[in-house]
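Numbering (the working numbering), first residue to last: 339 to 395.
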């Protein structure tokens with residue numbers, strides 16, 4: 339089976355992390371298959387990284 343990757347660049351998006359996580363959960367529930375979600379945090383100066391890490395726990 340082929341793995342599909344969905345990549346999310348995360349930079350100055352702390353206000354959007356809760357809605358992003360909800361959208362990812364909805365997508366995952368709707369579509370079956372081998373899917374991975376990749377979140378790329380590249381030096382964001384806000385709290386995007388910690389918020390995302392906390393949401394993924």
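The C-beta atom is built at its ideal place from N, Cα and C for all residues, glycine as well. Because the structure is a prediction, the values reported are computed rather than measured.
- Item | residue 382 - DSSP class collapsed to helix/strand/coil | Residue 382 sits in coil when the DSSP states are folded into three classes, being neither helix nor strand.
- Backbone secondary structure at residue 350 - three-state DSSP: Coil at residue 350, not helix or strand.
- Based on Cα-Cα distance, which residue from 377, 341, 384, 364 lies nearest to residue 350? When each option's Cα is compared against that of residue 350, the closest is 384.
- Following the continuous alpha helix (DSSP H) through residue 358, name the residue where it begins and the one where it ends. In the DSSP annotation of this structure, the continuous segment of the alpha helix (DSSP H) that includes residue 358 starts and ends at 355–368.
- Task: Measure the CB-CB distance between residue 348 and residue 375 and report whether it falls below 7 Å.
- Result: No, the Cβ-Cβ distance between residue 348 and residue 375 is not below 7 Å.
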